[in-house]
Amino acid sequence: MAEAVKYVLDRDKLALVVTQPYRSERHREQQTLLSAFLREQFKDVPNLHFANLGPTLNLLDPELTGDSLHLTPLGNRQLAQHLVGRVRALFQ
């Protein structure tokens with residue numbers, strides 16, 4: 001992940017790291033550690049942004065995921081609604 005972020009930042013582009021909806025407490029911890037690692041590696045880099053979508057969806061809701069992992073159209077729509085404001089803010 002750090003290499004992908006570095007690739008984008010080295011080209012003077014905006015990077016948005018998006019945390020996936022959490023599947024478990026272990027997944028939450030993993031995503032928290034990843035964000036902390038990237039913030040430390042790229043501290044004081046204004047083009048790096050984060051969007052934590054971890055708590056936005058209940059992946060056990062069958063209307064949002066058919067298999068508790070892959071989003072349904074409704075799940076994708078709800079996730080997009082949470083993300084769109086964050087993406088718009090990058091370009092203002």
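Start counting the sequence shown at 1; every next residue gets the next number (the numbering used here). Where a beta carbon is used, it is the ideal one built from N, C-alpha and C, also for glycine. Quantities reported herein were computed from a predicted structural model and do not represent experimental measurements.
Check: Less than 6 Å between C-beta atoms, sequence neighbours within five positions excluded: which residues of the same chain meet that for Q41?; Outcome: A2
Check: Using the Cβ count rule (16 or more neighbours within 10 Å means buried), how would you classify P73?; Outcome: exposed
Check: Note the first and the last residue of the continuous beta strand (DSSP E) segment covering L48.; Outcome: 48-52
Check: Restricting to Cα atoms, I'd like to know which of S24, H82, V45, V87 is closest to V5.; Outcome: V45
Check: Under the DSSP definition of a beta bridge, which residues are partnered with V5?; Outcome: DSSP, once it has assigned bridges, lists no residue as partnering V5.
Check: Just verifying my parser: in three-state terms, what is the DSSP assignment at T19?; Outcome: strand
Check: Given a cut-off of 8 Å on the beta-carbon distance, is the pair Q81 and L53 in contact?; Outcome: no
Check: Whole angstroms is fine: what's the gap from R86's alpha carbon to L79's?; Outcome: 12 Å
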